[in-house]
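Q: Sequence lines, in order, name chains A and B. Residues in the first sequence are numbered consecutively from 1278, following our numbering. Residues in the second sequence are numbered consecutively from 1278, following our numbering. First the structure, then my questions, so here it is.
Number of protein chains: 2
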Amino acid sequence: MARAHNFNAGPAGLPLPALERAQRELLDFEGTGMSIIEHSHRGKAYEAVHNEAIALVRELLSVPESYHVLFLQGGASQQFAMLPMNLLPAGKSADYILTGGWSEKAYEEAGRVGTVRVAATTAVDKRYTRIPRQDELTLDPAAAYVHMTSNNTLFGTQWHWLPDVGSAPLIADMSSDFMWRRFDVSKFALVYAGAQKNIGPSGVVVVLAKKELIDGARKDIPTIFRYATHAANNSLYNTAPTFSIYLIRNVLSYTKEIGGLDEIERQNRKKGELLYAAIDQNPDFFRAPVERESRSFMNVVFRLPSEELEKRFVAEAAKERMVGLAGHRSTGGIRASLYNAVPFSSVKRLVDFMKDFAKRA
Amino acid sequence: MARAHNFNAGPAGLPLPALERAQRELLDFEGTGMSIIEHSHRGKAYEAVHNEAIALVRELLSVPESYHVLFLQGGASQQFAMLPMNLLPAGKSADYILTGGWSEKAYEEAGRVGTVRVAATTAVDKRYTRIPRQDELTLDPAAAYVHMTSNNTLFGTQWHWLPDVGSAPLIADMSSDFMWRRFDVSKFALVYAGAQKNIGPSGVVVVLAKKELIDGARKDIPTIFRYATHAANNSLYNTAPTFSIYLIRNVLSYTKEIGGLDEIERQNRKKGELLYAAIDQNPDFFRAPVERESRSFMNVVFRLPSEELEKRFVAEAAKERMVGLAGHRSTGGIRASLYNAVPFSSVKRLVDFMKDFAKRA
Chain A
1278 MARAHNFNAG PAGLPLPALE RAQRELLDFE GTGMSIIEHS HRGKAYEAVH
1328 NEAIALVREL LSVPESYHVL FLQGGASQQF AMLPMNLLPA GKSADYILTG
1378 GWSEKAYEEA GRVGTVRVAA TTAVDKRYTR IPRQDELTLD PAAAYVHMTS
1428 NNTLFGTQWH WLPDVGSAPL IADMSSDFMW RRFDVSKFAL VYAGAQKNIG
1478 PSGVVVVLAK KELIDGARKD IPTIFRYATH AANNSLYNTA PTFSIYLIRN
1528 VLSYTKEIGG LDEIERQNRK KGELLYAAID QNPDFFRAPV ERESRSFMNV
1578 VFRLPSEELE KRFVAEAAKE RMVGLAGHRS TGGIRASLYN AVPFSSVKRL
1628 VDFMKDFAKR A
Chain B
1278 MARAHNFNAG PAGLPLPALE RAQRELLDFE GTGMSIIEHS HRGKAYEAVH
1328 NEAIALVREL LSVPESYHVL FLQGGASQQF AMLPMNLLPA GKSADYILTG
1378 GWSEKAYEEA GRVGTVRVAA TTAVDKRYTR IPRQDELTLD PAAAYVHMTS
1428 NNTLFGTQWH WLPDVGSAPL IADMSSDFMW RRFDVSKFAL VYAGAQKNIG
1478 PSGVVVVLAK KELIDGARKD IPTIFRYATH AANNSLYNTA PTFSIYLIRN
1528 VLSYTKEIGG LDEIERQNRK KGELLYAAID QNPDFFRAPV ERESRSFMNV
1578 VFRLPSEELE KRFVAEAAKE RMVGLAGHRS TGGIRASLYN AVPFSSVKRL
1628 VDFMKDFAKR A
């Protein structure tokens, strides 16, 4: 089987050894005569996997003891609603920093639940090409929280510094760059991230939440939507998406084996630098719309001289098994997502193809 | 590999051919060089799987065109909240028929969202041993809807007839007996069911919803919680739990192959009859607490003369690879779940073991 070069924006590629392990174990998990899918979420076999996945998140990110690690359902889109339902009481307002389509959605959904403010936006003609500067933030000192989106899949921007938000809790949607490297969890009150980019399949969202924040959250909402419910039940309040969490376990266990997030970051930087260099070396043909300081290491977006050429580029690349290169339908252009599981060799292959394509075009 | 005899209450066993297909395809889905897990939820490969899964639900149950078939996240527990958020406006009340722990939960959660009434309960000392009779229902003619739980995993009861609720929309939680046989979808306004009993892994809940009901639902709730959102987007509003839906496709495609739900029902009745006969034939040793007319074909509960014996029964059965036989922690006793994928041979094995155990005890 020839592996495709998978540049999908998510769900994305997973490390082959993690998938091979899943394949080996699929019909008979650890000699139990059952698939892990067929095990009870309250049985010992699954419980061990569940707790190992949580422990691996804790270990790889050095998550402080004062934080819960939760596995929930509904993706980041559901967090857009759950977050203000829990943490935005009547009479308070929350600040949102807009840096792309996903932060816009988070802001809009929070607005259906409570009062929200835009603390900054870098949109020009509905396009975002950069992360704001600290002096562009107009923060409400009394904000219930400040929300940011750490990486923007659509526009290919990424925060490379953390905003100073004073004493307000800082909350981040890290769906598209969670665990692309280590980060200081204690700088955030809450972090959420759909698993399907860097750490697993779709169907699970990871939440890291400061315990004291959750303790003080609203209690007048349905039980299933309270972070406190899931925290009190070790993410087993209701039937967990067991196979998805099992696969996260496989991915993180492999990640640890190869050297943890320091090694992952080294690989990710090397991949990103190679691709951005190829773009920058031929500015007459490739154009990177994103400001240099805001460039994402996860989603590299660039344009070709014409939409016609972009279409040809995507089609010819697909023939050589490089998939997922078309930009988001709302932005157009080319987008190569370089998540953790994308091997350096795939990026090398893409860069060679780019050089050849530019010559021929 | 010796397959275990899996009597889990859910997540439950899946048909071996459906799992074998998943194993075969896990690293390379249809020659794409990628796992189905690694495909974009907006790509052609996954889209075909997604639509096939929906089409199979439609076909196997003859779902009328006037109904949506949705795949959502959060399980039945999330439906407990989503249902009243969508369909219980201020000034209206909803009727709940209580027949077990899960209908109690559905009722309690709806009560956090709006006004609810108990239309009937068969609880005696917090235990439910039967389904109510029609003349025991005290229905509110103006109810926004009437909610029932078609099968009760904890207490082992099941509705074998449908209540007459007049013109009120009838809504059923079918999590634990969905697709155990064909049923007339048009009798219900909405049906929801966690996949992890009869049709797939955990992490997906299937919703069948009358289109006109959804069109008239509340719009003042977060976008992600509106049935209309998911209906308008073919359950692809946000990233779907792709692998779970893929596995549902495998299970239902196999179900169709072996003769559809008529064959499944035939098998399920045969399994249930065998097990209940074994219980009834030895009333001095085995006691079925459930009223005969309310017995479930999905979850067969019974007691032994003492809790001591029950413990020994579960432990000895486990040694012979019969797993999942302990009753729910809240009820005790023995529970054998006979979902669609449990083979007749496993029930036969259990019945032989029961006879032998009774003799020896």
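The beta-carbon is built from N, C-alpha and C at its ideal position, and this holds for glycine as well.
Please check if any C-beta of chain B sits within less than 8 Å of the C-beta of Ala1358 (chain A).
A: By this cut-off, Ala1358 (chain A) is an interface position.
Q: Should Ala1358 (chain B) and Pro1294 (chain A) be called a contact, given that it needs their Cβ atoms to be closer than 8 Å?
A: In this structure, Pro1294 (chain A) does not lie closer than 8 Å to Ala1358 (chain B) by Cβ.
Q: Give a yes or no on whether the minimum CB-CB distance between Pro1230 (chain A) and chain B is below 8 Å.
A: No information on residue 1230 (chain A) is available, as it lies outside the stretch 1278 to 1638 that chain A covers here.
Q: Along chain A, in chain order, which residues have C-beta atoms closer than 9 Å to that of Ser1317 (chain B)?
A: The contacting residues are Asn1285, Ala1286, Gly1287, Pro1288, Ala1289, Val1600, Gly1601.
Q: What is the residue span of the alpha helix (DSSP H) that Ile1374 (chain A) lies within?
A: It is not in any alpha helix (DSSP H) - Ile1374 (chain A) instead sits in the beta strand (DSSP E) that spans 1370-1375.
Q: Flag Gly1310 (chain B) as yes if its beta-carbon sits less than 8 Å from any beta-carbon of chain A, otherwise no.
A: Yes - at least one Cβ of chain A is within 8 Å of the one on Gly1310 (chain B).
Q: In the DSSP output, what is Ser1614 (chain A) paired with across the bridge?
A: The partner list for Ser1614 (chain A) (beta bridge, DSSP) reads A:Asn1576.
Q: Under 9 Å Cβ-Cβ, which residues of chain B neighbour Arg1612 (chain A)?
A: Residues of chain B passing the Cβ test: none, with the nearest at roughly 12 Å.
Q: When burial is assigned at 16 or more other CB atoms within 10 Å of the CB, is Lys1487 (chain A) buried or exposed?
A: Answer is buried; the Cβ neighbour count reaches 16.
Q: So, with DSSP's three-state summary, where would you put Gly1471 (chain A)?
A: Three-state result, Gly1471 (chain A): strand.
Q: Any C-beta of chain A sitting closer than 8 Å to the C-beta of Phe1455 (chain B)?
A: No, Phe1455 (chain B) does not count as interfacial toward chain A.
Q: With distances taken between CB atoms, is the gap from Glu1534 (chain B) to Trp1457 (chain B) smaller than 8 Å?
A: No, these two residues do not count as a Cβ contact at 8 Å.
Q: Measure the alpha-carbon distance for Lys1632 (chain A) versus Arg1564 (chain A) and round it to whole angstroms.
A: Approximately 14 Å, taken between the alpha carbons.
Q: Quick one: any contact between the region 1405-1422 of chain B and the region 1434-1442 of chain B, if contact means 3 or more CB pairs under 8 Å?
A: Contact holds: three or more Cβ-Cβ distances are below 8 Å.
Q: Rank B:Gly1471, B:Gly1443, B:Ala1420, B:Ile1331 by C-alpha distance to the C-alpha of Asn1428 (chain B) and give the top, closest one.
A: It is B:Gly1471.
Q: Roughly how many angstroms separate the alpha carbons of Ile1556 (chain B) and Val1401 (chain B), rounded to a whole number?
A: Near 23 Å, if we compare the C-alpha coordinates of Val1401 (chain B) and Ile1556 (chain B).
Q: Just mark Pro1518 (chain B) as buried or exposed, buried being the case when its beta carbon has 16 or more other beta carbons within 10 Å.
A: Its Cβ being crowded by 16 or more others within 10 Å, Pro1518 (chain B) is buried.
Q: Can Ala1396 (chain A) and Tyr1373 (chain A) be called in contact, C-beta distance under 8 Å?
A: Their beta carbons are under 8 Å apart, which means Ala1396 (chain A) touches Tyr1373 (chain A) by this criterion.
Q: Grab the span of the alpha helix (DSSP H) containing Asp1557 (chain A) for me, first residue to last.
A: Taken as a continuous stretch (DSSP letters only), the alpha helix (DSSP H) holding Asp1557 (chain A) covers 1537-1557.
Q: Mind listing which residues of the region 1491-1502 of chain A have their C-beta closer than 8 Å to chain B's C-betas, in chain order?
A: The region 1491-1502 of chain A vs chain B, Cβ under 8 Å: Asp1497, Ile1498, Pro1499, Thr1500, Ile1501, Phe1502.
Q: Would DSSP call His1507 (chain A) helix, strand or coil?
A: Correct three-state label for His1507 (chain A): helix.
Q: Is the beta carbon of Pro1288 (chain B) closer than 8 Å to that of Thr1516 (chain A)?
A: It is a contact, given that the beta carbons lie within the stated cut-off.
Q: Thinking Ala1420 (chain A) and Ser1370 (chain A) are a contact (beta carbons under 8 Å), I'd like their distance in whole angstroms, please.
A: Their Cβ separation, rounded to whole angstroms, is 6 Å, which keeps Ala1420 (chain A) and Ser1370 (chain A) in contact under 8 Å.
Q: Would you call the CB atoms of Asn1559 (chain B) and Ala1508 (chain B) closer than 8 Å?
A: It is not a contact, given that the beta carbons lie outside the stated cut-off.
Q: Within 10 Å of its beta-carbon, does Asp1454 (chain A) have 16 or more other beta-carbons around it, so buried, or fewer, so exposed?
A: When all chains shown are included, Asp1454 (chain A) counts as buried.
Q: Considering only residues of the same chain and omitting the five flanking positions on each side of Lys1548 (chain A), which have a CB-CB separation below 8 Å?
A: Result list for Lys1548 (chain A): Phe1574, Leu1615, Val1619, Phe1621, Val1624, in chain order.
Q: For the alpha helix (DSSP H) holding Leu1586 (chain A), just list the boundary residues, first then last.
A: 1584-1596 is the span of the alpha helix (DSSP H), which, as asked, contains Leu1586 (chain A).
Q: Is there a Cβ from chain B that is less than 8 Å from the Cβ of Gly1352 (chain A)?
A: Yes, its Cβ sits closer than 8 Å to a Cβ of chain B.
Q: Examine chain A for any beta-carbon lying closer than 8 Å to the beta-carbon of Pro1518 (chain B), and answer yes or no.
A: Yes, because at least one Cβ of chain A sits closer than 8 Å to the Cβ of Pro1518 (chain B).
Q: If you run the structure through DSSP and keep just helix, strand and coil, what is Arg1458 (chain A)?
A: Three-state DSSP puts Arg1458 (chain A) in coil, outside helix and strand.
Q: Could you check if Gly1378 (chain B) is buried or exposed, using at least 16 other CB atoms within 10 Å of its CB as the buried criterion?
A: The residue in question, Gly1378 (chain B), is buried, as its Cβ has 16 or more Cβ neighbours within 10 Å.
Q: Let me confirm a value: Lys1474 (chain B) is counted as buried when at least 16 other C-beta atoms fall within 10 Å, else exposed. Which label applies?
A: Answer is buried; the Cβ neighbour count reaches 16.
Q: Closest to His1282 (chain B) by C-alpha separation, out of B:Thr1430, B:Pro1418, B:Met1599, B:Thr1399, would be which residue?
A: When only C-alpha atoms are compared, the closest one is B:Met1599.
Q: Which same chain residues, not among the five before or five after Tyr1384 (chain A), have their C-beta less than 8 Å away from its C-beta?
A: Once the five neighbours on either side are set aside, the close Cβ partners of Tyr1384 (chain A) are Tyr1373, Leu1375, Val1393, Val1395, His1424.
Q: Measure from the C-beta of Gly1433 (chain B) to each C-beta in chain A and report whether the shortest distance is under 8 Å.
A: False, the Cβ-Cβ gap to chain A never drops below 8 Å.
Q: Provide the residue(s) that pair with Leu1447 (chain B) in DSSP beta bridges, ordered along the chain.
A: In the DSSP output, where bridge partners are listed per residue, Leu1447 (chain B) has B:Val1423.
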